[in-house]
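Read through the structure below, which is laid out as structure tokens, and then see the notes.
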Amino acid sequence: MKTQNQRAWIFVLPVLLLVAFNALIPMMTVVNYSVQETFGDNLFFWQGLDWFEQILRSDRFHAALGRQFFFTFMILIIEVPLGIAIALAMPKQGPWVPICLVTMALPMLIPWNVVGAMWNIFTLPDIGLLGYFLNHTLGISYDMTQDPVAAWVTIIIMDVWHWTSLVVLLAYAGLVSIPNAYYQAAEIDGASNLAIFRFIQLPKMKTVLTIAVLLRFMDSFNIYTEPFVLTGGGPGNSTTLLSIDLVKIALGQFDLGPAAAMSLIYFAITLFASWLFYTLMTMNDNKS
Amino acid sequence: MAQIKLSNLRHSYSPNPSSDADYALKKIDLTWDNGGAYALLGPSGCGKSTLLNIISGLLVPSEGKILFDDQDVTELPPAKRNIAQVFQFPVIYDTMTVYDNLAFPLRNRGRDEDIVKRRVTSIAEMLEVTEMLSTRAANLSPDNKQKISMGRGLVREDVNVVMFDEPLTVIDPHLKWKLRSKLKELHQRVKATMIYVTHDQTEALTFADQVVVMQDGEVVQIGTPVELFERPAHTFVGHFIGSPGMNVLPCEVQGGGAFFGGEQVDLEGPATGVVDGSAEVGIRPEFVSVSQNGDGVEAHVRKVSDIGRHKVVEAIAHGSRVHAILDGEAPNAGDAVKLEFKQSQTRLYKDGWLASTQAEGV
């Protein structure tokens with residue numbers, strides 16, 4: 185028989201209040217905005233689902249969403265395999281372990297806007313180390329304020345530099361937790377290195393990799409500060425990701441209604457994609 | 014299958030061993046006969062796992078050679094040695110089914126699928142896991158996982174030796190005896206050489222035909238379970254095997270006779286080459302009895318424990334503790350008794366090593 189104890193609610197209450205004030209109530213405000221029109225002076229007019237329809241039909245939103253998916257796709261396709269590869273190459277014991285770990289963690293400790301500013305200066309064609317080197321030493325024309333391709337390459341490399349470490353550290357944690365007997369058994373069973381990776385290392389890293397993929401998906405899908413500081417969405421709109429576009433609509437144009445509707449759509453997409461990733465990656469776990 | 018010979022083996026984990034203490038294995042010479050069931054018994058840290066890893070090729074010894082049927086394999090990697098090893102914790106490939114797990118060593122060696130199928134089916138039948146073949150190995154209970162690890166070792170028809178490194182550590186006690194008898198049965202069916210490493214004397218004695226007892230990187234004695242029990246070559250073996258272990262009592266040797274607390278103890282036979290001085294008398298508790306006629310060594314009973322079929326008496330004689338295992342009547346704690354040692358089972362040990370020889374005709 186299950187124990188019935190209503191007092192449990194008292195213990196849950198503080199968390200409920202906290203979540204309410206920090207997530208539910210602000211979000212309800214957004215929901216409130218998303219169905220109304222305002223011209224200031226705290227005057228609101230009922231608009232129904234018009235803003236949602238408008239956003240979903242708008243080419244501007246489609247373009248930003250497309251750029252966002254492309255960015256996130258590139259981030260995942262580069263950072264996850266690269267992170268695993270680096271984790272595999274890292275020493276498992278000895279004096280180099282702390283050195284590698286700290287070096288790996290360093291980029292993650294830098295504030296996001298500083299990362300954007302750093303890379304901005306780094307890539308300036310006239311005084312930036314990388315920009316000057318490419319333009320004046322190698323003779324490759326590179327200016328991310330003019331060339332969309334250069335801008336894209338730069339924001340992707342910047343994110344890879346900033347966040348691959350997260351995948352590395354998580355994958356590394358998964359790797360070092362594999363008991364030595366597994367490698368010994370595989371050696372005796374005559375397994376190739378590829379088979380060891382496929383049947384021992386990858387399955388043992390799976391839980392942490394699921395977390396890594398989810399975190400990297402959510403973070404890169406919601407990314408704002410770094411590309412905003414680096415390119416400001418330009419040149420033109422070429423690197424205007426969803427979050428940058430959203431801020432433009434909300435704070436630039438002060439279209440609160442459409443911005444609120446867009447936030448909710450944005451949120452729904454993030455939530456749905458995260459659920460999809462998680463479901464797909466854990467699908468086989470309970471199969472017998 | 015092969016005869017395995019270890020010759021002049023030494024191993025040290027430090028790169029520049031200077032003294033004997035730096036060696037995890039100190040000079041091992043051993044021959045394992047083809048098809049034998051061996052146990053490698055010793056306390057934790059005695060070097061038994063090191064020895065096992067050297068045979069399997071996971072470690073290369075600092076000195077000495079390993080021969081499989083007179084072929085030197087010292088430098089060969091594990092995959093080339095055709096050996097199998099079962100580890101303390103069951104190693105299974107989580108994402109594969111039981112069938113694929115068992116087939117893995119064969120597939121890695123490029124065997125035909127129909128050979129794989131035949132071998133896997135027969136091994137699964139032997140291990141009684143046939144109905145689990147299509148389930149995912151990750152969902153099995155620990156004892157079944159360990160069975161699968163064993164199965165991966167046995168599935169290759171040409172293994173030279175199957176080694177078990179304390180395979181029952183994580184198995185529930187009530188399943189241990191089941192797996193243990195399964196192992197014994199498997200050995201009789203596949204007739205492969207098997208080496209079973211353990212610190213548990215019961216496991217070693219039930220599994221093996223020959224038990225190799227190790228201490229501090231050295232082989233102390235090799236023998237059948239009966240030999241180890243009856244004539245321990247070293248007091249360590251006497252202590253380690255048996256419950257409680259052999260009584261080892263300090264004595265003085267004078268003119269070929271052993272004196273324990275001033276009283277002469279009759280030995281099984283002459284002590285060869287033992288100069289006068291201090292030595293030890295060894296007698297199993299099973300062969301100590303309470304004297305009925307007033308002869309024997311004076312002792313005070315300190316404790317009597319009833320362990321079911323018999324009673325274990327702990328007594329103090331001349332300042333030393335003596336255990337006796339008695340059937341039926343036993344004295345009470347506090348009693349003064351006289352203890353008798355069965356002469357044919359009373360041995361003399363000098364510096365730890367057996368020094369008396371059995372008298373002819375005893």
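Chains as they are written, first to last, in the working numbering: chain G, 185 to 472; chain R, 14 to 375.
Built from N, CA and C at the ideal position, the CB exists for glycine as well.
Remember, predicted model here, so these are calculated numbers, not experimental data.
Requested in this report: Apply the 10 Å Cβ neighbour rule to G:G224 and answer buried if 16 or more other Cβ atoms are within range, or exposed otherwise.
Outcome: exposed
Query raised in the report: Between R:F249 and R:Q228, which are expected to be in contact by the criterion C-beta below 8 Å, what is the C-beta distance as a whole number of angstroms?
Result: 5 Å
Query - R:V142 (DSSP reduced to helix, strand or coil) - result: coil
Requested in this report: Could you check how far apart the C-beta atoms of G:M274 and G:Y356 are, in whole angstroms? I think they sit under 8 Å.
Outcome: 6 Å
Report task. Please state if the CB of G:T222 and the CB of G:T338 are separated by a distance shorter than 9 Å. Result -> With contacts defined as CB atoms closer than 9 Å, G:T338 and G:T222 fail to qualify as a contacting pair.
Query raised in the report: Quick one: is G:S472 buried, meaning 16 or more other Cβ sit within 10 Å of its Cβ, or exposed?
Result: Because G:S472 carries a pLDDT of 45, less than 50, the predicted location of this residue cannot be relied on, and the following value inherits that uncertainty. Flag for G:S472 reads exposed.
**Report entry** Nearest-angstrom Cα separation, counted from R:E179 out to R:S62
**Finding:** 9 Å
Query - G:T394 versus G:P363, G:I305, G:L464, residue with shortest Cα-Cα distance - result: G:L464
Query - Chain-ordered neighbours of R:A92 on chain G, where CB pairs are closer than 9 Å - result: E371, I372, D373, G374, A375
Report task. Along the beta strand (DSSP E) that carries G:G267, what are the first and last residues, could you check? Result -> Per DSSP, G:G267 belongs to no beta strand (DSSP E); it is in the alpha helix (DSSP H), 243-273.
Query - Short CB-CB distance (under 9 Å) between G:F381 and chain R - result: no
**Report entry** 9 Å Cβ cutoff, G:I384 in contact with chain R
**Finding:** G:I384 has a beta carbon lying within less than 9 Å of a beta carbon in chain R.
Query raised in the report: Do G:P419 and G:D331 have their C-beta atoms within less than 9 Å of each other?
Result: Taking the C-beta atoms as reference points, G:D331 is found nearer than 9 Å to G:P419.
Report task. Could you check the C-alpha separation between G:F255 and G:S404 for me, to the nearest Å? Result -> 8 Å
**Report entry** Integer-rounded CB distance, given that R:V111 should sit under 8 Å from R:L146
**Finding:** Confirmed, Cβ separation roughly 5 Å.
Query raised in the report: Is the Cβ-Cβ distance between R:F300 and R:V183 less than 9 Å?
Result: no
Query raised in the report: Short check: CB of G:A444 to CB of G:S242, under 9 Å?
Result: No, the Cβ-Cβ distance between G:A444 and G:S242 is not below 9 Å.
Requested in this report: Consider the Cβ of R:V325: report whether some Cβ of chain G lies at a distance smaller than 9 Å.
Outcome: no
Query raised in the report: With 16 as the cutoff for other CB atoms within 10 Å, does G:I294 come out buried or exposed?
Result: exposed
Query raised in the report: How would you write the range of the beta strand (DSSP E) that R:G290 sits in, first residue to last?
Result: 290-296
Report task. Compute the beta-carbon to beta-carbon distance between R:G21 and R:G77, rounded to the nearest angstrom, for a pair I have assumed lies under 8 Å. Result -> The question names Gly, but residue 21 of chain R in the sequence shown is Asn. That belief holds up - the Cβ atoms of R:N21 and R:G77 are roughly 4 Å apart, short of 8 Å.
Query raised in the report: What does a CB cutoff of less than 7 Å around R:E276 pick up in its chain, not counting 5 residues either side in sequence?
Result: Once the five neighbours on either side are set aside, the close Cβ partners of R:E276 are V310.
**Report entry** Rounded straight-line distance, which links the Cα of R:G48 to that of R:V375
**Finding:** Low confidence applies to R:V375: its pLDDT is 44, below 50, so where it sits in the model is not reliable enough to give any reading.
Requested in this report: Rounded to whole angstroms, what's the CA-CA distance from G:V196 to G:F401? Just pull it up for me.
Outcome: 30 Å
Query raised in the report: For G:S349 versus G:G267, is the C-beta spacing smaller than 9 Å?
Result: yes
Report task. Determine the extent of the beta strand (DSSP E) in which R:K197 is found, giving its start and end residues. Result -> Taken as a continuous stretch (DSSP letters only), R:K197 belongs to no beta strand (DSSP E), being part of the alpha helix (DSSP H) at 186-203.
Query raised in the report: Looking only at DSSP bridge pairs, what is R:G236 linked to?
Result: R:V224
Requested in this report: Verify whether the separation of the beta carbon atoms of R:V288 and R:V266 is less than 9 Å.
Outcome: yes
Report task. Give a yes or no on whether 9 Å exceeds the smallest Cβ distance from G:P279 to chain R. Result -> no
Query - Counterpart residues of G:T348 in DSSP-defined beta bridges - result: According to DSSP, G:T348 bridges with nothing at all.
**Report entry** Cβ-Cβ separation, R:S291 to R:L377 (assumed contact under 8 Å), whole Å
**Finding:** No answer is possible for residue 377 of chain R: it lies beyond the span of chain R, which begins at 14 and ends at 375.
**Report entry** Backbone secondary structure at R:T211 - three-state DSSP
**Finding:** strand
Requested in this report: Compare the Cα-Cα distances from R:K191 to each of R:D46, R:A34, R:E216, R:M176 and report the closest residue.
Outcome: R:E216
Report task. Look at the Cβ atom of G:R251, then the Cβ atom of G:S447, and state whether they are nearer than 9 Å. Result -> no
Query raised in the report: Which ranges does the beta strand (DSSP E) cover as unbroken runs of at least 3 residues, wholly within the stretch 384-467 of chain G, from first to last along the chain?
Result: none
Query raised in the report: Pick from R:V294, R:D308, R:R132: whose alpha carbon is nearest that of R:V203?
Result: With respect to the C-alpha of R:V203, the residue from R:V294, R:D308, R:R132 having the closest C-alpha is R:R132.
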